[in-house]
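Shown next, in structure tokens, is the structure this report addresses.
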Amino acid sequence: MDSRQMRPEPLPVPLGPTVPRGSIEEAMSLLLPGDSAVFRFNADTVFTKSLRQPVPPFIKRSGNALRLTVAAKQLLTPAQMEARQKAMLDEQQRQLKARAAKQLVKDDALILAYIKKNKLTTKAKKTLGGTWYVITLRGKGALPKTGQTVSVKYRGTLLATGKEFDSTAKHGNTPFDFVLGQGQVIKGWDQGIAVLPKGSKAVLLIPSPLGYGERGAGGDIPANSVLRFEVELVGVK
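Numbering-wise, the sequence shown is residues 1488 to 1724 according to this note's numbering.
Structure representation (structure tokens):
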């Protein structure tokens, strides 16, 4: 295993006031920035004291010795390490938002093409957050409010293929309940259900950043999938 192939940044090794004998931490405590060294460990000791997990079978089959080649790059205080981790997290969030914004443009183009193809141009609307919706039956009830529990019947498909990935029919036709605006569902649902009066039926067209994003969801929803939901808001309380 080579950490350079797993991550570009040096691997941090936290050192406490005391370190267990025979552990990776004890070995690291002997080094100064710029030092390089080769250590040999008892695998049982390393996995028990440093990694706190059982020794993998493939290591046991290869013997009980581990060889570790290291190069110490920096010595950081806890405050410096915390600041570095925060900076890394902030950068990851920045990159994630940038990718989502770029994907949103692509997804909007797909949704607009779908709207045009299905002659929904005069009916389709868009929430401030970016979810498209078409009300097919306007209910006579009030709009649900953030914090209220809503009950929804639904059928979800992939816009690209029309493949169904979930529906209330698969769950005994029991409406799905959730608290609106609390992040219990994907953003597209929080946005789309909020604009429907009770009793309404609608089609929600959800860009992937407001759905399951670049991770997708299991094997049924690939990464960056635009979602189409047929929904009915049957209850608000």
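Every residue gets a Cβ at the ideal spot worked out from N, C-alpha and C, and that includes glycine.
Of all the options the options, which has the alpha carbon lying nearest to the alpha carbon of residue i?
i: residue 1624; options: 1601, 1685, 1634, 1572; result: 1685
i: residue 1648; options: 1708, 1518, 1608, 1676; result: 1708
i: residue 1498; options: 1504, 1551, 1528, 1560; result: 1560
i: residue 1520; options: 1546, 1651, 1558; result: 1558
i: residue 1601; options: 1715, 1723, 1724, 1720; result: 1715
i: residue 1723; options: 1665, 1555, 1514; result: 1665
i: residue 1555; options: 1527, 1571, 1543, 1638; result: 1527
i: residue 1584; options: 1536, 1603, 1701; result: 1701
i: residue 1653; options: 1577, 1717, 1505; result: 1717
i: residue 1671; options: 1500, 1533, 1697; result: 1697
i: residue 1711; options: 1496, 1591, 1689, 1537; result: 1591
i: residue 1509; options: 1503, 1536, 1627; result: 1536
i: residue 1503; options: 1496, 1563, 1628, 1545; result: 1563
i: residue 1719; options: 1586, 1659, 1637; result: 1637
i: residue 1628; options: 1567, 1703, 1687; result: 1687
i: residue 1538; options: 1507, 1567, 1568, 1570; result: 1507
Please state whether DSSP places residue i in a helix, a strand or coil.
i: residue 1459; result: The first residue shown for the chain is 1488 and the last is 1724, placing residue 1459 beyond what the model contains.
i: residue 1558; result: strand
i: residue 1594; result: helix
i: residue 1532; result: helix
i: residue 1513; result: helix
i: residue 1664; result: strand
i: residue 1626; result: coil
i: residue 1585; result: helix
i: residue 1502; result: coil
i: residue 1634; result: coil
i: residue 1710; result: coil
i: residue 1679; result: helix
i: residue 1539; result: coil
With C-beta atoms as the reference, is residue i less than 8 angstroms away from residue j?
i: residue 1668; j: residue 1618; result: no
i: residue 1596; j: residue 1631; result: no
i: residue 1721; j: residue 1640; result: yes
i: residue 1661; j: residue 1651; result: no
i: residue 1524; j: residue 1552; result: no
i: residue 1646; j: residue 1692; result: yes
Near residue i, what residues of its chain come up, given a Cβ to Cβ distance below 8 angstroms and the 5 sequence neighbours on each side ignored?
i: residue 1614; result: 1620, 1678, 1679, 1681, 1682
i: residue 1514; result: 1524, 1526, 1528, 1555, 1557
i: residue 1606; result: none
i: residue 1500; result: 1511, 1512, 1515
i: residue 1658; result: none
Tell me, please, which residues DSSP counts as bridged to residue i.
i: residue 1496; result: Answer is none; residue 1496 lacks a bridge partner.
i: residue 1642; result: 1654, 1717
i: residue 1619; result: 1613, 1692
i: residue 1525; result: 1556
i: residue 1698; result: The partner list for residue 1698 (beta bridge, DSSP) is empty, contrary to what the question assumes.
i: residue 1723; result: 1637
Leaving aside the five residues before and after residue i along the sequence, list all residues of the same chain whose C-beta is less than 7 angstroms from its C-beta, in chain order.
i: residue 1655; result: 1640, 1641, 1661, 1662, 1663
i: residue 1534; result: 1540, 1541, 1542
i: residue 1574; result: none
i: residue 1565; result: none
i: residue 1608; result: 1602
Sorted by chain position, which residues of the same chain lie with C-beta nearer than 6 angstroms to residue i's C-beta, five sequence neighbours on each side aside?
i: residue 1611; result: 1602, 1619, 1621
i: residue 1594; result: 1694, 1695, 1713
i: residue 1532; result: 1509
i: residue 1690; result: 1621, 1717
i: residue 1587; result: 1696
When you measure from the CB of residue i to every non-hydrogen atom of the ligand FAD, does any distance come out below 7 angstroms?
i: residue 1669; result: The ligand FAD is not among the ligands present in this structure, which contains no ligands whatsoever.
Could one say the Cβ of residue i lies closer than 8 angstroms to chain B's Cβ atoms, at least one of them?
i: residue 1643; result: Here chain B cannot be found, since the structure has a single protein chain.
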